[in-house]
Structures are given as structure tokens and as C-alpha cells.
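To start, the structure itself, in C-alpha cells.
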Amino acid sequence: MVSMVLRVNHFEVVEAASAAAGLQEFESSTFELAIVDIFLQGTNGFEVIMKMRERIPNFPIVAISGMTMLDFVNETPELSNVVCLQKPFRPAELTLAVEVATRPRSSGTGDVKVVEGITP
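Read left to right, the sequence shown gives residues 1088 to 1207 (this note's numbering).
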């Protein structure tokens, strides 16, 4: 669903079947944003996000999860400026999360942004 919504909104999408494949794509290509599921088979999305942020410190990321994750994200400085989107979400919420994640940031902000409750 995520890929379909993004393609309909004219985004170029690269999908990865695993965390390792996603990180390999990230290392070998240039991206403007990553959408990372927090619960991944064989690893967790927080590890993927931290590896991406080691390479590009303020890289825009949308973290998606079916569970509340805000307490952990708020306590982890490497995960600052992550936009959190809780499943299930609507297409409008996904596009809003992408918009929020890719907005220019002032240097002093490190807040987690939560996108929820948007009605189309």
C-alpha cells in the first residue's frame, strides 16, 4: 500500500525485501527520504535508522509501526527528527508524513513528529 500511494503521488519508489537489502540500496544510491517499518524480520527498524543516520546525520525518515514507539524514540538522540506514523494509517496521513519529514528543519529542533488523526 505504501508504494502504491507514493507512486500515485509521483514519487519514485525503491522497495527492499529485507533490512539488509534496504541498507545496501541506501549505501549505493541517493535518496531523499526513507520509510522504515520498526518491526522487521531479523532486525529492527531502529537499527536501520541509526545506520542510515550514521551515514547522513539528518536524513529524513518516516518510521511506521503498529505499536506505540514514541517513548523509545524520544530517549534516543540518534533518532531525532524522525516522523512517526502508526498503523493503520490512511493514504493522506502517509503523504503528510512524507511532507513533514522532508521539510527544511531549523538547527535547534530535535523533536519527534507524530502524524495521526488526519482525515482525507
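For every residue, glycine included, the Cβ atom is placed at its ideal position computed from N, Cα and C.
Is the number of C-beta pairs between the segment 1128-1135 and the segment 1171-1185 that are closer than 8 Å three or more? no
Residue ranges of each alpha helix (DSSP H) run of no fewer than 4 residues wholly in the segment 1090-1127, ordered along the chain? 1106-1115
Kindly give me the distance between the Cβ atoms of residue 1143 and residue 1188, rounded to whole angstroms, as I take these residues to be in contact under 8 Å. Taking the sequence shown and counting its residues from 1, one reaches residue 1143 at position 56. Taking the sequence shown and counting its residues from 1, one reaches residue 1188 at position 101. Not confirmed; about 13 Å, so no contact.
Just reading off the alpha helix (DSSP H) that residue 1143 is part of, what are its end residues? Looking up residue 1143 in the sequence shown gives position 56. Taken as a continuous stretch (DSSP letters only), residue 1143 belongs to no alpha helix (DSSP H), as it is neither H nor E.
From the DSSP secondary-structure annotation, give me the bridge partner or partners of residue 1184. Reading the sequence shown from its first residue, position 97 is the one you call residue 1184. For residue 1184, which the question treats as bridged, DSSP gives no partner whatsoever.
Could you check which residue in 1179, 1154 and 1137 has the C-alpha nearest to that of residue 1169? The residue given as residue 1169 occupies position 82 in the sequence shown. When each option's Cα is compared against that of residue 1169, the closest is 1137.
Exposed unless 16 or more other CB atoms sit within 10 angstroms - verdict on residue 1113: As a first step, residue 1113 must be located in the sequence shown, where it is residue number 26. Buried is the call here.
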